[in-house]
Amino acid sequence: DTEVTQTPKHLVMGMTNKKSLKCEQHMGHRAMYWYKQKAKKPPELMFVYSYEKLSINESVPSRFSPECPNSSLLNLHLHALQPEDSALYLCASSQDPILNTEAFFGQGTRLTVV
Amino acid sequence: KNEVEQSPQNLTAQEGEFITINCSYSVGISALHWLQQHPGGGIVSLFMLSSGKKKHGRLIATINIQEKHSSLHITASHPRDSAVYICAGYTGTASKLTFGTGTRLQVTL
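Chains as they are written, first to last, in the working numbering: chain A, 1321 to 1434; chain B, -5 to 103.
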């Protein structure tokens, strides 16, 4: 199994809603990542989890709250988002957070904030 | 200044043509990823290189460490190769990928 699975694929939410994005991998990878991608732009790193601990937060607003319940799962909790937060949210994983190992990406969740 | 520079930004080719996409990167990047993204879709990892050359089907990736340059070649291009191709540099000390701006490839019949 070399897949990173993200759910849901599409999400529309209001600015007062609370929702969560989910990411799952069963490759035994110990590094997991959240990226945000706006149209026609490269992905921007948001968070890195290394061995289930948050190791990098790229100054992301607190309305985005990551969680890593176990080594296979990564969540991104969303609350009080703004329309400019509408984007494709990509999850990725790699075997090791330090060594040069290949990154595997999910299909993304396309989020629309209305 | 972006640590990973890609060229060209846009590329149109006819089916069957040989395609080259280039990527230059800065000091501190220890490995290069080549990624493919179809419109509205997720990202697929094509190659990860830290030296030499890799081949998978019609795709070939090379890297020159001394010149800090990598190329992605597509032989016998096909319309289904139409996608955005992204090179991304891995900064081991920072545990993250730095992405190039992508090359939008359109292969026509």
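Built from N, CA and C at the ideal position, the CB exists for glycine as well. Since the structure is predicted, the reported quantities are computational estimates derived from the model, not experimental observations.
CA-CA distance, residue 77 of chain B and residue 98 of chain B? Each residue's Cα considered, the two are about 6 Å apart.
Assuming residue 1338 of chain A and residue 1331 of chain A are in contact, meaning their beta carbons sit under 8 Å apart, how far apart are those beta carbons, in whole angstroms? The C-beta distance from residue 1338 of chain A to residue 1331 of chain A rounds to 12 Å, too long to fall under 8 Å, and the pair is not in contact.
How far does the beta strand (DSSP E) with residue 83 of chain B in it reach, from first residue to last? Per DSSP, residue 83 of chain B belongs to the beta strand (DSSP E) from 77 to 85.
I'd like to know whether the C-beta of residue 5 of chain B is nearer than 8 Å to at least one C-beta of chain A. So no, residue 5 of chain B is outside the interface.
Considering only the beta carbon of each residue, do residue 72 of chain B and residue 9 of chain B sit closer than 8 Å? Yes.
List, in chain order, every chain A residue whose beta-carbon is nearer than 8 Å to that of residue 39 of chain B. Here the neighbours are 1422, 1423, 1424 and 1425.
Does DSSP put residue 1386 of chain A in a helix, a strand or coil? Three-state result, residue 1386 of chain A: strand.
For residue 1344 of chain A, which residues does DSSP report across the bridge? Answer by DSSP bridge pairing, in chain order: A/1325 and A/1393.
When DSSP labels each residue in this structure, what does residue 74 of chain B get in the three-state scheme? Per DSSP, reduced to three states, the secondary structure at residue 74 of chain B is helical.
Just verifying my parser: in three-state terms, what is the DSSP assignment at residue 61 of chain B? Per DSSP, reduced to three states, the secondary structure at residue 61 of chain B is coil, with no helix or strand assignment.
Taking residue 98 of chain B as part of the beta strand (DSSP E), name the residues at either end of that continuous run. Residues 97 to 102.
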